[in-house]
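Under this note's numbering, the first residue of the sequence shown is numbered 249, with each subsequent residue one higher. A short worksheet on the structure shown next.
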Amino acid sequence: MKQKWIPELDGLRVLMIFTVSWYHIWQQSWLTPVIGGYSLDYLLRSGYVWVDGTVLMSAFLLYRPYAQTRLRGAPLPDPAAFYRRRARRILPGYYTILALTFFGVCLPWHLYASPQYLVKDTVTHLTFLFPFFRDTYVMTPLGAACWTLAIEVQAYALFPWMARASLKHPGRTFGVMLAVCFGFRAWCLWSLDEFNMVVNQLANFLDLYALGCGLALAYETLRAREEEKGKLFRGSRWAATGLFLLAFWGLLRMLRIQAGSTVWSAGNGIAGWISRVLAMAEPDSNYPVIQRNQMLYRPVYGLLFGALMLSAPFAIRPLRKLLGNRGTHFLAGLSMNYYLAHQTVIVHMRRIGFPYSEFEYPNQAGDRPWQLLYTALAFGLSFLAALAVTYLAEKPIQKWIDRRKKPLPKEGTEEARG
């Protein structure tokens with residue numbers, strides 16, 4: 249059964265990727281926008297949280313064929329076709345960006361201290377193993393944003409078998425996933441003082457993958473009921489819209505809390521109590537606190553992102569058109585390459601002093617004309633890089649692959665992007 253495209257998810261995907269990239273650009277520019285008297289500072293300081301939303305969306309989209317198998321009797325997806333489709337989607341753009349970064353930035357600017365580090369960094373990036381090593385994950389010159397894709401690829405290796413197991417034993421499968429995730433997370437919070445190497449490992453995202461699978465089942469159930477009745481009642485549309493707005497408001501509230509993570513405890517509520525119970529010592533900086541709270545709140549973020557994803561396709565027409573239109577569809581098609589390229593672009597702009605400023609550190613000096621120009625160029629050049637990679641490399645390579653291999657069965661736009 250062919251999946252139906254969910255256009256509203258294009259808008260959510262674009263919003264997530266844009267916000268994460270804005271956070272990275274803000275780290276370089278220190279430009280905090282204010283709309284009227286409303287500061288967006290907290291949105292930028294917590295911009296990394298939206299990566300959790302992209303992981304959840306990926307799990308949701310990947311599990312849709314299995315949800316259709318369970319609920320509608322659709323054919324069980326073939327693992328070999330799944331791996332071929334993932335490789336066709338991921339590798340052309342990713343390897344192109346790696347090659348451009350390696351030959352255009354790393355080698356000319358002598359960013360590797362030794363040949364051994366050069367080999368280790370390139371090999372682990374080619375094989376998606378670099379998040380397991382501090383020097384190739386935290387200090388790599390090949391683009392810090394690539395770790396998200398590495399986690400996704402690691403999940404792809406397990407996903408077909410996990411999904412098949414969930415069809416036979418859903419309770420056991422998802423229970424094991426949650427037990428591994430929460431057990432690993434509890435060990436991290438109880439035993440470690442800094443979390444750079446653990447906060448974004450695959451084991452720490454398994455709750456989002458389990459939740460994404462559940463969301464796919466819920467979505468297919470709701471969509472089947474809608475098809476059975478012919479259309480949704482107006483009251484259901486407004487209820488879905490209300491859930492979307494409530495979840496968005498809750499997400500903004502949580503992001504404000506996350507942005508204010510400056511002490512081990514996060515207030516007097518349940519989250520603050522958990523933080524105090526788990527705290528073993530005072531931190532030397534706020535960065536461990538931010539990552540600790542990110543792990544503590546990740547299930548909450550997952551539920552809020554999930555509510556947005558589940559309610560948007562059933563909301564009133566104006567909201568659905570705002571999220572799902574030709575513009576968001578086009579931008580969503582560029583989103584992966586934009587995300588992979590933007591970190592390298594914006595860091596290299598600072599490395600070469602572009603655009604020019606009379607100050608050595610214009611962000612610290614508060615050089616506002618430079619901040620505005622840098623931010624605009626960072627977005628613009630990253631977008632142009634994504635366009636070039638997509639249409640000059642990724643799509644031609646994909647067409648070449650299609651000519652050499654039997655065409656893959658289509659399973660929907662979102663699953664192909666997931």
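The C-beta atom is built at its ideal place from N, Cα and C for all residues, glycine as well. Here the structure is a predicted model, which means the values were calculated and not measured.
Length of the line joining the Cα atoms of residue i and residue j
i: ASN611; j: ALA427; result: 44 angstroms
i: GLY575; j: TRP270; result: 19 angstroms
i: TYR296; j: LEU544; result: 15 angstroms
i: HIS417; j: LEU324; result: 15 angstroms
i: LYS569; j: PRO617; result: 36 angstroms
i: ALA495; j: THR388; result: 36 angstroms
i: LEU499; j: GLY508; result: 14 angstroms
i: THR267; j: PRO644; result: 29 angstroms
i: LEU304; j: ALA464; result: 10 angstroms
i: TYR385; j: LEU588; result: 14 angstroms
i: VAL371; j: HIS358; result: 18 angstroms
i: ALA347; j: ARG473; result: 48 angstroms
i: PHE453; j: GLU606; result: 44 angstroms
i: GLY197; j: LEU567; result: In the structure displayed, the chain extends from 249 to 666; residue 197 sits before or after that span and is not available.
i: GLY581; j: ASP289; result: 28 angstroms
i: HIS373; j: ALA393; result: 12 angstroms
i: VAL637; j: ARG420; result: 42 angstroms
i: LYS647; j: TRP253; result: 22 angstroms
i: PRO352; j: GLY423; result: What sits at residue 352 in the sequence shown is Gly, not Pro. Their backbone Cα atoms lie some 46 angstroms apart in a straight line.
i: ARG215; j: ALA634; result: Residue 215 is absent from the model: the chain starts at 249 and stops at 666.
Three-way DSSP call (helix, strand, coil) for residue i in this model
i: TYR360; result: coil
i: THR344; result: helix
i: PRO389; result: coil
i: PHE578; result: helix
i: GLU256; result: helix
i: PRO379; result: helix
i: HIS596; result: helix
i: PHE266; result: helix
i: PHE351; result: helix
i: LEU440; result: coil
i: TYR604; result: coil
i: LYS653; result: coil
i: MET445; result: coil
i: ASP615; result: coil
i: TRP648; result: helix
i: GLY554; result: helix
i: LEU406; result: helix
i: PRO561; result: helix
i: TYR609; result: coil
i: SER513; result: For SER513, the predicted structure reports a pLDDT of 40, less than 50, and the residue's modelled location is therefore unreliable. The matter cannot be settled from this model.
i: ALA322; result: coil
i: HIS272; result: helix
i: GLY572; result: coil
i: SER294; result: coil
i: HIS590; result: helix
i: HIS417; result: coil
With 16 other Cβ atoms within 10 Å as the buried cut-off, status of residue i
i: TRP438; result: exposed
i: GLY341; result: buried
i: TRP409; result: exposed
i: ILE538; result: buried
i: ASP455; result: buried
i: GLN316; result: buried
i: LEU257; result: buried
i: VAL262; result: buried
i: ASN444; result: exposed
i: ARG471; result: buried
i: MET264; result: buried
i: GLU468; result: buried
i: THR375; result: exposed
i: GLY628; result: exposed
i: MET345; result: In the sequence as displayed, the identity of residue 345 is Ile instead of Met. Classification for ILE345: buried.
i: TRP274; result: buried
i: TRP497; result: exposed
i: ARG652; result: exposed
i: LEU292; result: buried
i: VAL282; result: exposed
Residues bridged to residue i (per DSSP)
i: VAL282; result: SER287
CB contact check: residue i to chain B, cutoff 7 angstroms
i: ARG598; result: The chain inventory of the structure shown lacks chain B, comprising one protein chain alone.
Near the ligand MN: residue i beta-carbon under 6 angstroms from a heavy atom
i: LYS252; result: The ligand MN is not part of this structure, which contains no ligands at all.
(message) Quick check on the DSSP output: what are the complete beta strand (DSSP E) runs of length 3 or more inside the region 446-507, in order along the chain?
(response) With a minimum length of 3 residues, no continuous beta strand (DSSP E) run stays inside the region 446-507.
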